[in-house]
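Numbering (my numbering), first residue to last: 75 to 307. The structure appears below as structure tokens.
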């Protein structure tokens, strides 16, 4: 009986250790953009230093440029997602976001991300390449001038967030991965008017306002363009 208990305890310890290792193992998926890539790569170094492990895969047009810069091993062509506790997208492209939002899975990144969501895995993605108001886009002159295009980009972000993707800025990649779900934040403002300056300063991805707060039309447009979800309380 004592031997049985010893064997059960040893097996339990091994299972717990395996689950713990899996929870800190990430599949890193690079889609077809370099918007936000540099700060995201710095975030990967931070995660590696904190003990995170994993594999990576990339869209064909990104692979050759990334391979010399990554310490992680490259994943097999069809990685088994059950080996990972997290799927991480350091630089989400507009095309991949559009495919994920509409259920299209016709390339490697979209297939992997779609399966990850179907399996209920945690998916964290940097939004810099998709958000129309991102600093990366502005710095390269890629902020869309057409309102309909900005709205389309924001809508893709809203849709994939609704499907369970955790969105962040590339500079916050490591902090988002390592952070625990935040406690419910208090409304940023209970009364008065929220104008365009406050809307531009909002860090996102959501803004909580009291029901008595009036939102100016320009502020509403800015929040929508930046993909920031407005929550009334």
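Ideal Cβ placement from N, Cα and C applies to all residues, glycine included.
query: Distance, residue 207 Cα to residue 300 Cα; result: 5 Å
query: Anticipated Cβ contact below 8 Å, residue 128 with residue 102, distance rounded; result: 6 Å
query: Entirely enclosed beta strand (DSSP E) segments - the segment 211–257, minimum 3 residues; result: 239–242
query: Euclidean distance between Cα positions of residue 130 and residue 137; result: 10 Å
query: Rounded C-alpha distance that separates residue 193 from residue 201; result: 22 Å
query: Per DSSP, cross-strand counterpart(s) of residue 106; result: BP columns for residue 106 are empty, so no partner.
query: Start and end residues, alpha helix (DSSP H) containing residue 202; result: Segment: none, residue 202 is in no alpha helix (DSSP H) and carries neither H nor E.
query: Closer than 7 Å: residue 192 CB and nearest the ligand SAM heavy atom; result: Within the structure as shown, the ligand SAM is missing, as the structure has no ligands at all.
query: Backbone secondary structure at residue 84 - three-state DSSP; result: Residue confidence for residue 84 is low, a pLDDT of 48 falling below 50, so the modelled location carries little weight and cannot support an answer.
query: Distance between residue 218 and residue 169 (C-alpha atoms, nearest Å); result: 15 Å
query: Enclosing alpha helix (DSSP H) for residue 270 [first to last residue]; result: 270–275
query: 8 Å Cβ shell around residue 165 - same chain, five flanking residues per side excluded; result: 104, 105, 107, 108, 109, 110, 111, 114, 200, 202, 203 and 244
query: Identity of the residue in 288, 247 and 134 nearest residue 118 by Cα; result: 247
query: Alpha carbon of residue 149 to alpha carbon of residue 132, nearest angstrom; result: 9 Å
query: Distance between residue 121 and residue 151 (C-alpha atoms, nearest Å); result: 24 Å
query: Residue 166 in three-state terms, based on DSSP; result: coil
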